[in-house]
Structure formats: structure tokens, C-alpha cells
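Reading through the C-alpha cells given below for one structure.
There are 4 protein chains.
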Amino acid sequence: MSGNGRLRVGIEGGAGFIGGELLRLLLGHPKVEVASISSGTYPGRPVFAAHPNLRGRTDLRFSPALRYEALDCLFLAGGPGEAMSSVPSILARAGARLRLVDLSGDFRLMDSGLYPKWYGREHASPGLLHSFAYGLPELNRPAIRRSRRIANPGCFATAMALALGPLAKGRVSGSVSVTAVTGSSGSGAVPSSVTHHPTRHSNMRAYKPLSHQHVPEVDQLLRKLAGGKAPAISMVPLSGPFSRGIYAVCQAEVSKTWTAKAVKALFQTAYKDCRFIRLVDEPPSLNAVNGSNHCDIYATALEGRLCVISALDNLVKGASGQAVQNLNVMMGWREDAGLDFAGCFP
Amino acid sequence: MSGNGRLRVGIEGGAGFIGGELLRLLLGHPKVEVASISSGTYPGRPVFAAHPNLRGRTDLRFSPALRYEALDCLFLAGGPGEAMSSVPSILARAGARLRLVDLSGDFRLMDSGLYPKWYGREHASPGLLHSFAYGLPELNRPAIRRSRRIANPGCFATAMALALGPLAKGRVSGSVSVTAVTGSSGSGAVPSSVTHHPTRHSNMRAYKPLSHQHVPEVDQLLRKLAGGKAPAISMVPLSGPFSRGIYAVCQAEVSKTWTAKAVKALFQTAYKDCRFIRLVDEPPSLNAVNGSNHCDIYATALEGRLCVISALDNLVKGASGQAVQNLNVMMGWREDAGLDFAGCFP
Amino acid sequence: MSGNGRLRVGIEGGAGFIGGELLRLLLGHPKVEVASISSGTYPGRPVFAAHPNLRGRTDLRFSPALRYEALDCLFLAGGPGEAMSSVPSILARAGARLRLVDLSGDFRLMDSGLYPKWYGREHASPGLLHSFAYGLPELNRPAIRRSRRIANPGCFATAMALALGPLAKGRVSGSVSVTAVTGSSGSGAVPSSVTHHPTRHSNMRAYKPLSHQHVPEVDQLLRKLAGGKAPAISMVPLSGPFSRGIYAVCQAEVSKTWTAKAVKALFQTAYKDCRFIRLVDEPPSLNAVNGSNHCDIYATALEGRLCVISALDNLVKGASGQAVQNLNVMMGWREDAGLDFAGCFP
Amino acid sequence: MSGNGRLRVGIEGGAGFIGGELLRLLLGHPKVEVASISSGTYPGRPVFAAHPNLRGRTDLRFSPALRYEALDCLFLAGGPGEAMSSVPSILARAGARLRLVDLSGDFRLMDSGLYPKWYGREHASPGLLHSFAYGLPELNRPAIRRSRRIANPGCFATAMALALGPLAKGRVSGSVSVTAVTGSSGSGAVPSSVTHHPTRHSNMRAYKPLSHQHVPEVDQLLRKLAGGKAPAISMVPLSGPFSRGIYAVCQAEVSKTWTAKAVKALFQTAYKDCRFIRLVDEPPSLNAVNGSNHCDIYATALEGRLCVISALDNLVKGASGQAVQNLNVMMGWREDAGLDFAGCFP
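Protein chains in written order, with this note's numbering: chain X, 1 to 346; chain C, 1001 to 1346; chain G, 2001 to 2346; chain A, 3001 to 3346.
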């Protein structure tokens, strides 16, 4: 704790979009003090060099490296593969008391054997995997409460899991087909051909059809919720011509006797105490959730076909907002501390 | 025929986006003369009042009404429900020799009993339905060749049918799940809440989930191709934050023994003589087809899951370009007359 | 005051975009209670019917009419011409103690003779004009502090006035040329041809060249600041293909001896105590200010040419945020109460 | 000439956006055969690897290098600084008979002393500068007709010069203030921070204020047209959130006696035989010119202030279309050969 009684947090790899949103949220959190933030690209420079929205709102500068031992909680917002390598030495320096929230995919899959297939590398610290709780509070709150280490879900994974969690047990026949569209901010702050404005603008393009790495973490969660076998997921991700948001459309076959009303009731029960889940009567809009930690969900059925649609901000509920929510749950604080706001509209 | 040996065509309801694209294409067609174009909104005004891209490219003005008897072919580009009411009197005036291409949904479904459910009205001229051929040349060319009257397919329908046509016979288990995204130009030239820029921009929103009216025309075509039962289609349309294009993602269960290579070969065979279908090895991009009459299609399978993706310009291959292609097929001209160009990129 | 010691405020005409942002901001204001909000379009419906971002964040519903006598402060967010007609009867009912912040253009020009030319109508309440202070705190704070009635500036006017205020006195030769781009949300929530997505998307279009109605309110302010003659403004507004923001580029001739450094120093002095003005060393970006009450300003000179660029969110600093800021100044509260946040980036 | 009587042309550096548009236009040109196209990035690959719109429309592949001696005309579409270095050796191989159209900025300024300031390098072939004609046909047609070598204007330069050319002689007092917005395709096909979609989307940002390198080529042309001193240009370029187009707003002081009608008449006279210039009665829209070689211009005056607005497609009239137009003028062909089409709308 800092002298003012606030939790001292640090952000590793803070110059990316996720790091910027995390910093924005944590600067407004009533129980937290951002002690330091690191970046290898902007060492020594004010944070507004990377995050121009934060100009005039903080005097923080990027550090080349963090003093882990001075922190109560560390958010890992670096690139894929970094956290799995660095966490052992971080813990060696700071001790097991240090709380960790990893926003990469490095600790999401409990089975270390899955990493080569989905992430293209052997896991560097397989012994640590089971010390992390999967950080989707609405569907895994008890485990998060008990844990000091959180694997924050992927953005697509959050959208899919929230849409499918209530259906994990025996409602669906066959596979669930998911088509989900992401904004370009999901590809991060480093320019590349897939985020080149002239060709991303006004365009739609699928990628990794049937083989996106966020599917196995949802599989794992659904099986846990089902207590065994859960519906298989077939997913096609699309790159959309907007900056923020995930819009996921899930379809499946269900019993013809299952009504739209019954589907809705199931979701109302599942999410009745969930501050950030808003069940909507018409298909949701991205611009109603962007900028906030809300996920809007629509669920219906018609003549044996099920349709569930979820919409969220990929950088907030799909990343940094959820990381703060996980911190709140871990600490036993109000779940919406620092997250109690709506986004702008339109 | 006009004095210069060109086919004399007219456009009814020519002030909309479809009418504008049709006019642009027909002005460049080597065998056609646009005799007249009507609009109730812009009577007497130059066509560039509605279509500013055509300023300086034609001296045509909108007529309040067309002289059908002076035409060889009439394109009907008016609103829903207009053509089904007006065609009988048009034919009475112009005679059965007049060729018709209807770009509305008024003559697509052969079963008149389906109109109340899908279009919210009884069909006004059910006796004429069977005189129209469904105008998707790649899958229904012989019928178009024999016909003088064409029901031009819907934009979503074209994208779905081209993706699913080769699969109509016995390849797919269960339903096909389609999620398809449309640009805002598909909603036409009259402003409304669903095309209000502040809320459409950067947004994604589904509508008519599981109940879009383009599904039954694809059902009808697939059953014809299958010679009986065909896979059921479950479709969720999305409004995307761009002006042009349809991007359709189709997923289904198939035999686990069916390989990506075999899927691709099936499509190559099905479309081997189709000038406007381009089979691509990676998921297609809208910006590669927009502005042209091409439809790019990607088809693959992985571990029992099939994915077919089609991309086209909703106003060209999904409407006006296809109407010109249908004219070409009806007349026995080169199928790409007036359509032999690429769109701009990017 | 309400029972909890908060100021009781109402919003008239609250279903538009400005009303929605005002409600969002006031719901988070520590010293305010939103007592009621009216709408003629959505009477009796929850506010999320118009503002879907606010679903789950308030139980407020739109009233058909407000009880002015129960309010401490009224925000007028209705259409042009409404406030000038209704204010006399509102004051008759509620008494002169009621604080007013008018977000329309109805009370911005002190000279009633200007309304026919710029707003197309005679002023309905000319006797009230001088009771309103022009609500641009950075340039008119003392008058706002003394007033109970505020004429909130226009969005373009705010951008121009903040860029030109420090130059009002004798720095500029000849006219100032302003070209300023606005997002589509500035045209409000009612669809029209100028905000039709298919034609607004990817487009640029000027309108009212040299004759926008926000110019005379800036003229009036600059003359007040200059204590006499101020530079004339020549302005061309552009409609841009984005939803939020004003980006104003101002150019003028100045003495060749005036350096970039001296220009910057002038602005630093002028805005040294202004929390929401951020002077930037490179031309600003809209996405650094959108969603916040900041205005980023860049000012430079080169070889006798001056360039000042300002960027702000048209709905926040250009409307609702500034209205809250004006409330804070009137009440003697911290100027950033309820406004102490950054926008999202990117 | 090729065996079929067509002019044999080559494109150097053909994998960029300008190269792609040039190829698209030349493939449709009735008097030209594209003999070869080079790219260092895609050697040996089909042109659709870089230009996916051209899939199925040509069998051309990128060559690592061109055989200049087999060409009648060479289009240079490489990066800045390449042409000034390579032209001497190209001419040595191919002979002075080879026609050249350079689309870079390497041969636009006749005064070699200007290159260090505006392009950051000494000119590598100053002796060749005067052999190039400045390729803006509407304002420099006679020189282009007489030349075998063309310096194709910049995109901003084309927009500014067409807006200001008729005003070169003595109409304007003081400087002309230009604010001009460009689409992202103007930055080319290689990703960079200024074209990163998440931050370019929905954004506006000025760059190089008062110091863009396209200004001196317009200065040079205006002085030539004026036969001496011409108005100085002060320009601020903006990056807009769209892919295609230049929208230039020019303002200046003029005599108060000069009417809007007189301004319009001046432009009508100046451009009366110019196929691609369309004078419009309301401010133009980018989406009316994009995809075509048209430039729409609006000119007016009010109470001593002049406003001229020009809109064009940066890749067509601002680059590749103009290059084809220059070829047509050089060859004595119809000026619109291969360019006789409208763009899509919307």
C-alpha cells in the first residue's frame, strides 16, 4: 500500500493501446495509485507521447523497467510470449505476494500442451499455469476471488464466452457457429499491413477462419461450466472497418420447442447479479457499449435455431476494463470501482 | 432497336442508388442506348441532380413517366411492391415483346403464398410469377436465356446463393449458418434512422435475425439445384459501417473426411466458365470487388467444419451489374458486355 | 437544492445528442442531481430509448414537460428558436432565481438585429439578450461568474474563438481565413440528406461557404476582447466523414518578425490557468480530445504567415461539457467538477 | 509500337497504389498495350498479389526490371528520389525517343536549387529538368504537346493549381490561404504510423503546416501563367479519415466589387474546353469525383472574400489518371482516351 492507503500498481508494456486504456482507467480508480509504467519504446518520455488523450492528466513518464518489489499489483500488458518468460523472475524479485493480472494469452490455457498449436511456442513456465484464474468474473468469479494471479481473457473470447456461457449445459445440438467482427485497435499500436488505413477502411476481411486462438480458452471455460462436455465452437473472425469493438454472432441448432422467451429467461437468470451485462430486446449496437465496461447481449430462438449476439469494447470489457474488474474482485472491492461510467454516444 | 442498332432501354425509378449504378453501367454498354429514365422525385431535372458522379457524362433528364412502347427493355428499379402492381399495365401498353428486368423483390418467389410472410403484402399479380426467370446467371443461366422477364436477385441472396449453390446437393449436414454484413447503400437513397451517419459510423448492428426476406429466394434456388431437399439456411444480417458491399460468412457441418482441397475443387468445377466468379486462396476482401461485377469466393473445410465466404458489391453484382449481366444473357451477347472492368483499389 | 444538498437540474429537449451527452455528464457530477429531463418524441420512455449507452445507468424517463419551479438550474437543449420563445414563460413560472444554460444559438448575439440575417427569424425576446453571458469560460470567465443565465457557444464558435482569442488585439493584418471540419453528430439526431451514411461516409463537402452563423458570435467576442476593432473572420465549414469533433484551421498574415516561439508564448500566457486548454507542439489530433472537455491548440508562424489549429469534441467542449463547465463557474465550484476525465484513445 | 499497332508502355515501380491505378487504367486504354510492369517487392508474382481488384483481368506478372528498349513510353511510379537517379541510365539504354511520364516529384521544379529545401536532397540530374513539361493539361497543354517527357503534378498541387490557375493574374490581394484534406491512399501502400487504421480512423490531423512540398510547383505554374508575380500560397494539409480524394479550400481577399457571378464566369471561360473540369453551383463532394479523372470546382465571392473549392481523386486526376491524360495529349489522341468514365456513387 502507498502512504495514502491506495494499492500500488504497475503496468508493464504500457505504451500499447491496452496499456493506455489501463492507465486511463487506473488513474480514475478510487483505491489505486499507479506507481509506474514501463515501455521499451518510449523510455523516459511522458505517457502522453504514446497516449495523447492523457496529456495534462498525469505527470507519469514511461520507465525502462519497473521496480516490482515496490508494487502490490502488476498488470502485464506486453506482447505475446513475454509474460510466460518473465513471470518467474518477477516473482523471484517481488515475492509470491505480488498480485498479477496478465493481459496477454500466456496463462489462459491450463493445458501446456495446447500452446504450440495455438500460440506457436512451447510454454516457458508450465508449472505456473494452474496458479492463474481465468479472469471472466461473470462466469468464474469464485476462482478469481481466491486467486492472486489472473489470466485476463482475450477480446473475442470474452464476447463468445459471455454469449455462450449460459448455454454450456446441454441446450445446443451440434456445434455453435460464431462469426465475430473486431475493430482495428485489437491489432495493437504497431502498424502493419492488416491495419493499413487505405486497405482497412471500408473493407471487410476474414482471417484465421476456423482456427483463431481464442477458441480453446472458451472451450476450456465452457467445459468447466458444463462439468464435462460442452458444445464445440466453430469460429470465423472478421476485420471490420472501425477502431473499437467486438461484435459476435453465435448460431446453433436447438430444440424446436425452445422459445425466444425461454432463451431470454435463461440469460436473465444467468446474469442477474452482473453489473456489466445488459440484456437487450433488440440486437445490440457497438456504439452503445464502446468506451465502457458493458457487454450487451441479445438472445433469441426461432423454429429450432438459436441466435445469441454480444457486443463489447475490445479494449475495455475485452481487455483493460476487465483487468480492472478482476482486480476489484480479487481485492473484494465493489466490482465496478473505477468502471462506473457509460461510454459516449454516438 | 434504335436507329443506331442499339437496344433501347428504359429505367423506371432511376433516382435511387440502384438506378444510378444501372444508368452508369448502361451508358458504357456497347450495345445499348438509354432511351429514358424516370423519377417521381426529380421530374425534369438532369440525372446529375441525383447522381452527381454523372455530371457532364450524359444530357439525360428524369422523366415523370416512361413511354414503354418505345422501349425494347425496361429495368424496374422502383421500391418494393411497385413492380408487382405496375407490370400488368406496362405489358398491356408495350406488349409481351417488352423485356423486363425487375430489381425489386416482387417476382423472385414463385410461390405467391410466401409474399405475405416475407414482404408483408399479398402478391398483386400472381399469374405473372412463373413468367419470370430467377436472374442468377452462374446458377440459372439456361432459364435466363429462354426468358424475356428476369427477377433480379437480392444482394444478400446473390452472396449466399453463390456461396452455397455448389453445396446444394448432399454435402452439408444440418443447417447452414450465415452471418452477412451489408453496407449502408443497401438501404437506399432515402435517409432513415438505420442510415443516420452519426449512429451508423463505426457501428455494427444486427437486424431481422433469423428472418431476412432474402433467405426464401435462396432456399427456392438451392432446392431447384438439388432437385429436391437442400440444406436449410439460418441467417443473421448485420449493418456495417461502410457504404458498399456484402460480405457473407457461411458455416456448416460436413464429413470429417472432406478436405479443404476437395472443397476447393468442387467450387472450381462449379464455376469454371463463370467470368465474374473469382475463387481465392485466402478469405476475400470487399475492396477487391467493390465497383465491379465480380464475386470473390473462398471455400474451405477443417475437421468437419465447412466455411464458405463470398464478397461482392451490393449495387453491382448484387443489383445493377447483375441486371446488365442478365440482359446480356437474355440477348445472347457476351456475358461481360458493359461489365468488363475492375473496381478501384484501394 | 435537493434533500442531499445537490443542485437540482433539469434538461429540456433531452433526446438529442447534446441532451444525451449532457445527461451522461451530469449523472457523474458530484454536486448535481438530475431531477428531470424532457422530450416530446419519447415521453414516458426510459432515457436509454434515445441514449442506449445509458441503459442500466439511470432509471430516469423522459417527461413530456418539466416542472421548472422544482429546479435550481435548467439546461435548454431544444431546437433553434425554441428557447427564445419559451424562456419568458419559464421565468414567469420559476422566478428569476432559476439558473439557465441555453445550448441553442438563441441568446448568443447581443444585437437583436442580427438574428434575421443569421438565424432567419426575428428574436422573440430581445429584452432578455443582455441578461445572458456568453459562456466561453476561458475568454469570458468574469461575466459568467456574475451571471445566472448563460448562452452556451456554438461548436464551431468555440473552436474558432479559442484559436483566435489571444490574437484579438492587433496581431493580425487583414482577415483570418478559417476552414473548419465538423463531424456528423453536429447535425443532430434527426436523419437528413446531409447525414445519410452512404453519401456522408468517405466524403468531404463544404456548406454555407463564407456565411456560417457561428461567425458573428466570435466576431462579437473578439471585439469585446480587443476593446474595439478585431480581425474579420472568413470561414468555410466542411462536413467530415466522422461522427465527433471540430477541427479548425486558421490562417492569417502577420508581421514577418513574429516568430513561432513568440506565437507560442502568447498562447501560453493567455491560457496559463485554463485546465481544459492544452497547447501542443505538433498539430493536434481529434482522437486525442474526443470524449473529453479538452481543446488542443497549436499555434505557429512562418515568414509572415500565422497558423492556429484547434481541435475539440463538438458534443463536449463544443456543447454539453462546456455547459457543465459554465455551471461550475457560475456556482463557484471547481471548474472541472464532473469533467475531470480523458477521452478514450484511439 | 506493338504488332497490334498499340503503344507499348511500361510501368516502373508498379506495386504501389499509383502503379495499380495506372495499370487498371492502361489495361482499359484503346491505344495502349502494357508490355511490362516492375516491382522490387513482388518480382515474379502476378499483379493481383498487390492489386487484388485486378485478379482475373490480366495475366501480367511483376518483373524485377524492365527492358526499356522495348518500350515506347515509360511511366515512373517509384518512390521519391528514384527517378532523378535512374532516368539518365534509362535514356542511355532506350534512347531519347522513349517517352517518359514521371509520377514522383523528381522533375517538377525547374529550379534545381529548390530540391534540397523541399525534397531534402540535391537533384541528381539537374541538366534534365528543363526537358520535362509540367503535366497539368488544363493549364499547360501546349507545353505537354511539344514534350516527350512529363513531370506529373502532385495530388495537392493539382487541386490547388486547378483552383487558382484562373486567378493567377491580378485578381487576388495578399496571399491565398489553402486548407486541403487528403485521403490515406496518398501516403502509399507501405504501412506507417500516419496510416495506422486505429489512429487514422475518425481522426483529423494537420501536418507540415505552411511547408508542404507541393506548394512550390504551384507557385512556379502560377508565375508562368501570370507572366510574372502571382499570389503567394499559404497551405495547411490535413490527413482525413478516408482512403481517396483531395478536397482543397482556397480563400483570399479580393475587390468588394467582384461578384459571385463574375467569379463563376471567369472559371467558365478558363475551363470551357476542359473535359475533366466540372464547374458546380454548390460546393463539390469528393464522392462525386472519386474513381474518375474529373475535378469538380466551385468558385464564389462574398463581400470581398473569395472562396474556391476543388475536389478530385488523388490517385486518378491527382496521379494516374492525369498521367494517362498527359500521354493522350503528348500523343495527340483524344484527351479522354481510356478515361471516359464516371466513378461509382455513392
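For every residue, glycine included, the Cβ atom is placed at its ideal position computed from N, Cα and C.
Predicted, not measured: the structure shown is a model, and the values here were computed from it.
For this session: Please classify G:R2055: is it buried, with 16 or more other beta-carbons within 10 angstroms of its beta-carbon, or exposed?
Result: buried
Exercise. Nearest-angstrom Cα distance between C:D1111 and C:M1084?
Worked result: 14 Å
For this session: Using a Cβ-Cβ cut-off of less than 7 Å, list which residues of the segment 3042-3067 of chain A approach chain C; keep chain order.
Result: H3051, P3052, N3053, L3054, R3055, G3056 and R3057
For this session: Would you check if the segment 1210-1229 of chain C and the segment 1263-1275 of chain C touch, i.e. whether three or more CB-CB distances between them fall below 8 Å?
Result: no
For this session: Using a Cβ cut-off of 9 Å, pull out every chain A residue sitting near G:S2185, in sequence order please.
Result: Ordered by position in chain A, no residue passes the 9 Å Cβ test against G:S2185, which lies about 11 Å from the chain.
For this session: Using three-state DSSP, classify X:P322 as helix, strand or coil.
Result: Looking at the sequence provided, one finds Gln at residue 322 of chain X rather than Pro. Reduced to three states, the DSSP call for X:Q322 is helix.
For this session: Return no unless some Cβ of chain G is closer than 9 Å to the Cβ of A:Q3251.
Result: yes
Exercise. So X:M160 is in the alpha helix (DSSP H); what residue range does that whole segment cover?
Worked result: C155 to L164
For this session: Would you check if there are 3 or more beta carbon pairs closer than 8 Å linking the segment 288-297 of chain X to the segment 225-232 of chain X?
Result: no
Exercise. What do you get for C:H1130, buried or exposed, if any count of 16 or more other CB atoms within 10 angstroms of its CB means buried?
Worked result: exposed
Problem set entry | 7 Å Cβ cut-off: residues of chain C touching X:C307 | P1209, L1210 and V1236
Problem set entry | Cutoff 6 Å; reference A:P3046; Cβ partners in own chain excluding five residues on either side | R3061
Exercise. How would you label A:G3044, buried or exposed, when you count the other beta carbons within 10 angstroms and need 16 or more for buried?
Worked result: exposed
Exercise. Can you tell which of X:K256, X:L114 and X:C344 has the C-alpha that lies nearest to the C-alpha of X:V289?
Worked result: X:C344
Problem set entry | Distance between G:L2103 and G:C2155 (C-alpha atoms, nearest Å) | 10 Å
For this session: Thinking A:S3320 and A:I3018 are a contact (beta carbons under 8 Å), I'd like their distance in whole angstroms, please.
Result: 5 Å
Exercise. Is the number of C-beta pairs between the segment 1237-1244 of chain C and the segment 1131-1149 of chain C that are closer than 8 Å three or more?
Worked result: no
Problem set entry | Amino acids of chain X, ordered along the chain, whose beta-carbon sits closer than 7 Å to that of A:R3200 | H197
For this session: Using 10 angstroms around the beta-carbon of X:G10, count the other beta-carbons present and answer buried if the total reaches 16, otherwise exposed.
Result: buried
Exercise. Under 9 Å between the Cβ atoms of A:C3307 and G:L2210?
Worked result: yes
Exercise. Do G:L2238 and A:V3249 come within 9 Å of each other at the CB atom, strictly closer than that value?
Worked result: yes
Problem set entry | Close beta carbons around X:S185, own chain, < 8 Å, minus the five adjacent residues each side | F17, S243, R244, N314 and L315
Exercise. Can you check whether the CB of G:L2074 is closer than 9 Å to the CB of G:E2012?
Worked result: yes
Exercise. Which of helix, strand or coil does DSSP assign to X:E335?
Worked result: coil
For this session: Tell me whether A:R3146 is buried or exposed, calling it buried when 16 or more other Cβ atoms sit within 10 Å of its Cβ.
Result: exposed
Exercise. For X:M110 and chain C, any beta-carbon pair shorter than 9 Å?
Worked result: no
Problem set entry | Cutoff 6 Å; reference C:L1100; Cβ partners in own chain excluding five residues on either side | L1074 and R1149
Problem set entry | chain X within 9 Å of A:S3292, Cβ atoms only | no
Exercise. Considering only residues of the same chain and omitting the five flanking positions on each side of X:P346, which have a CB-CB separation below 7 Å?
Worked result: N287
For this session: Given a cut-off of 9 Å, decide if C:V1178 and C:I1233 are closer than it, judged by their beta-carbon atoms.
Result: yes
Exercise. Near X:Y169, which residues of its chain fall below 6 Å by C-beta distance, leaving aside the five closest residues on each side in sequence?
Worked result: As written in the sequence, residue 169 of chain X is Lys, which differs from the Tyr given in the question. Once the five neighbours on either side are set aside, the close Cβ partners of X:K169 are A226.
Exercise. Chain G beta carbons: is any one of them nearer than 9 Å to that of C:S1039?
Worked result: no
Exercise. So does the segment 26-33 of chain X actually touch the segment 324-337 of chain X, counting three or more Cβ pairs closer than 8 Å?
Worked result: yes
Exercise. Expressed to the nearest angstrom, what Euclidean distance is found between the alpha-carbon atoms of X:R205 and X:S193?
Worked result: 13 Å
For this session: Throw me the rounded Cβ distance for the X:S89 and X:S63 pair, which I believe falls under 8 Å.
Result: No, X:S89 and X:S63 are not in contact; Cβ-Cβ is about 17 Å, not under 8 Å.
For this session: Classify X:L210 as helix, strand or coil using the three-state DSSP reduction.
Result: coil
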